[in-house]
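Peer 1: For the sequence shown, the positions run 1 to 236 when my numbering is used.
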Amino acid sequence: MPVRPPLPDTVSPPSTVNGWVYDDEASWNAHVWTAPDAPQSVAVFDHFDEVAVKAIDDRVQGFHNRAPVATVDAVEDDRSASVVRAIDKAVDWMEAISPGAWKHPAVNEAVFDPPPGYELTHYYIESREVIVYYHREGAHEGQRLTGSTTADGFEVTAETYPYLVVKTWRCSGNATVALAPWDYAHETEMVDVRNPPDGCGLDIALTIARDYAAAVIGDDTNPPAVGQANLTAWSQ
Numbered sequence: 001m002p003v004r005p006p007l008p009d010t011v012s013p014p015s016t017v018n019g020w021v022y023d024d025e026a027s028w029n030a031h032v033w034t035a036p037d038a039p040q041s042v043a044v045f046d047h048f049d050e051v052a053v054k055a056i057d058d059r060v061q062g063f064h065n066r067a068p069v070a071t072v073d074a075v076e077d078d079r080s081a082s083v084v085r086a087i088d089k090a091v092d093w094m095e096a097i098s099p100g101a102w103k104h105p106a107v108n109e110a111v112f113d114p115p116p117g118y119e120l121t122h123y124y125i126e127s128r129e130v131i132v133y134y135h136r137e138g139a140h141e142g143q144r145l146t147g148s149t150t151a152d153g154f155e156v157t158a159e160t161y162p163y164l165v166v167k168t169w170r171c172s173g174n175a176t177v178a179l180a181p182w183d184y185a186h187e188t189e190m191v192d193v194r195n196p197p198d199g200c201g202l203d204i205a206l207t208i209a210r211d212y213a214a215a216v217i218g219d220d221t222n223p224p225a226v227g228q229a230n231l232t233a234w235s236q
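If you want it as C-alpha cells, here you go:
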C-alpha cells in the first residue's frame, strides 16, 4: 500500500491542473498527476533530506526515467509544510507545460521504432548505462533456467536467442549490440553480433542493431527513425 507524503489536514492536492489529473491509485509513495492521453506523470516524492518534484516518462524503466523539476529542503519538524511547497512548485510546472508537451531530455525517441522483425520490450535509463531490449516477433519468450548463469548448449540463432539487446555506457558512449536467450540476461549469457565503434553512443548503436536485423530478415521494410544516425555519417 503506497504511503503519500504528509499534508496538513486542511490541504488536499489539486485534482486537475492544466489537463494533468491527480491519480489516487498511483503505486508510488508520492503524490502523482498523470497525462490522460500521454505516457507521462508528475510526482512529488518525500526523500530523506528533501521533497522532490519530478517529471516522468512512463514508457521508460529505471530511476533515470524521472527528470528533476524542483526540490524543497525538508523541514524535519514540519515535513508537511515542505510537501505543500513542493506541490506548489509542481502546480507551477504543470500550469506552464501541458500534458504531452514535455520531452524527457535523456529519452531517445528512436528507441521506440524497433528494427524490422522486432518489438520493443524494455527501455532502461540508469545512472551509468542505457539498456534496450527488443524481442523477435513470433519467437518464444525465453526464460532463464533455475540456477543458470549461462546459456551453454543453446545454438545461437535469432529464434533461440530472440532478444536483441542494445546497451550503451552514458559516460564513454561505448556500446554493445548482442543477442540474448531471455530478457534480463547477464553479460555471460549474451552473444555479440556487431562490434560498434568506440564511443559511438546510442544513435549509432541503434542503427547498427537495425542493420543487423535487416540482414537477418533480408529486408529493412522500415527505414531508420528520425534520430537514428546514418552509419555513413559516423566519424571519430
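From the three backbone atoms N, C-alpha and C, an ideal C-beta is built for every residue, glycine too.
Tell me which residue opens and which closes the alpha helix (DSSP H) that ARG128 is part of.
Peer 2: As a working note, residue 128 is residue 128 in the sequence shown. First-last for ARG128: undefined, no H or E at that position.
Peer 1: Counting along the chain, where does the alpha helix (DSSP H) carrying VAL32 start and finish?
Peer 2: Numbered from its first residue, the sequence shown carries residue 32 at position 32. Unbroken run through VAL32 is the beta strand (DSSP E), 30 to 34; no alpha helix (DSSP H).
Peer 1: Between the beta-carbon of ALA26 and the beta-carbon of PRO2, is there less than 8 Å?
Peer 2: Counting from 1 along the sequence shown, the entry for residue 26 is found at position 26. Counting from 1 along the sequence shown, the entry for residue 2 is found at position 2. Yes.
Peer 1: Is the beta carbon of GLU119 less than 8 Å from the beta carbon of GLU141?
Peer 2: If you number the sequence shown from 1, residue 119 lands on position 119. If you number the sequence shown from 1, residue 141 lands on position 141. No, the pair does not count as a contact, with Cβ atoms beyond the cut-off.
Peer 1: Can you give me the C-alpha to C-alpha distance between ALA67 and TYR163, rounded to a whole angstrom?
Peer 2: For this step, residue 67 is matched to residue 67 along the sequence shown. For this step, residue 163 is matched to residue 163 along the sequence shown. Each residue's alpha carbon lies about 28 Å from the other.
Peer 1: What would DSSP say about ASP23, mapped onto helix, strand or coil?
Peer 2: Along the sequence shown, read from residue 1 onward, the residue named residue 23 stands at position 23. Coil at ASP23, not helix or strand.
Peer 1: Which partner residues of VAL91 appear in the DSSP bridge assignment?
Peer 2: What you label residue 91 is simply residue 91 of the sequence shown in a count that begins at 1. Answer is none; VAL91 lacks a bridge partner.
Peer 1: Could you tell me the alpha carbon to alpha carbon distance between THR150 and THR188, rounded to whole angstroms?
Peer 2: By one-based count along the sequence shown, residue 150 stands at place 150. By one-based count along the sequence shown, residue 188 stands at place 188. Confidence at THR150 is low in this model, with a pLDDT of 47, below 50, so the placement of that residue should be treated as unreliable; the coordinate-derived value is given next. Taking the straight line joining both Cα atoms gives about 6 Å.
Peer 1: Would you give the residue range spanned by the alpha helix (DSSP H) that THR207 belongs to?
Peer 2: Here residue 207 is taken as the residue at index 207 of the sequence shown, counted from 1. Taken as a continuous stretch (DSSP letters only), the alpha helix (DSSP H) holding THR207 covers 201 to 217.
Peer 1: Start and end of the beta strand (DSSP E) containing LEU179?
Peer 2: The residue you call residue 179 lines up with position 179 of the sequence shown. Run containing LEU179: 175 to 180, per the beta strand (DSSP E) assignment.
Peer 1: By alpha-carbon positions, which one of ALA96, VAL111, ALA215 and GLU76 ends up nearest to THR121?
Peer 2: Sequence index remark: in the sequence shown, residue 121 carries index 121 (1-based). Out of ALA96, VAL111, ALA215 and GLU76, VAL111 has the C-alpha closest to the C-alpha of THR121.
Peer 1: Since ALA43 and PRO99 are thought to touch, with beta carbons under 8 Å apart, how far apart are those beta carbons, to the nearest angstrom?
Peer 2: Against the sequence shown, residue 43 aligns to sequence position 43. Against the sequence shown, residue 99 aligns to sequence position 99. Their Cβ separation, rounded to whole angstroms, is 14 Å, which puts ALA43 and PRO99 out of contact at 8 Å.
Peer 1: By the 10 Å Cβ neighbour count, where 16 or more other Cβ atoms means buried, how is ASN65 classified, buried or exposed?
Peer 2: Your numbering for residue 65 matches position 65 in the sequence shown. Per the 10 Å Cβ criterion, buried.
Peer 1: Grouping DSSP H, G and I as helix and E and B as strand, with all else coil, what is SER41?
Peer 2: Counting from one through the sequence shown, the residue named residue 41 turns up at place 41. If DSSP states are grouped into helix, strand and coil, SER41 belongs with the strands.
Peer 1: I'd like the list of long-range same chain contacts for ILE217, defined as Cβ closer than 8 Å, with 5 residues on each side in sequence excluded.
Peer 2: By one-based count along the sequence shown, residue 217 stands at place 217. The residues are PRO116 and GLY117.
Peer 1: Between VAL11 and the rest of its own chain, which residues show a CB-CB distance below 7 Å, the 5 nearest in sequence each way excluded?
Peer 2: Here residue 11 is taken as the residue at index 11 of the sequence shown, counted from 1. Once the five neighbours on either side are set aside, the close Cβ partners of VAL11 are VAL84.
Peer 1: Tell me which residues share the same chain as GLN40 and place their Cβ nearer than 8 Å to its Cβ, disregarding the 5 neighbours each side in the sequence.
Peer 2: As a first step, residue 40 is located in the sequence shown; it is residue number 40 there, counting from the start. THR34, ALA55, ILE56, ASP57, ASP58, PRO99, GLY100 and TRP102, listed in sequence order.
Peer 1: Taking Cβ to Cβ, would you say VAL177 is nearer than 8 Å to ILE131?
Peer 2: Here residue 177 refers to the residue found at position 177 when the sequence shown is read from its first residue. Here residue 131 refers to the residue found at position 131 when the sequence shown is read from its first residue. No. Outside cutoff.
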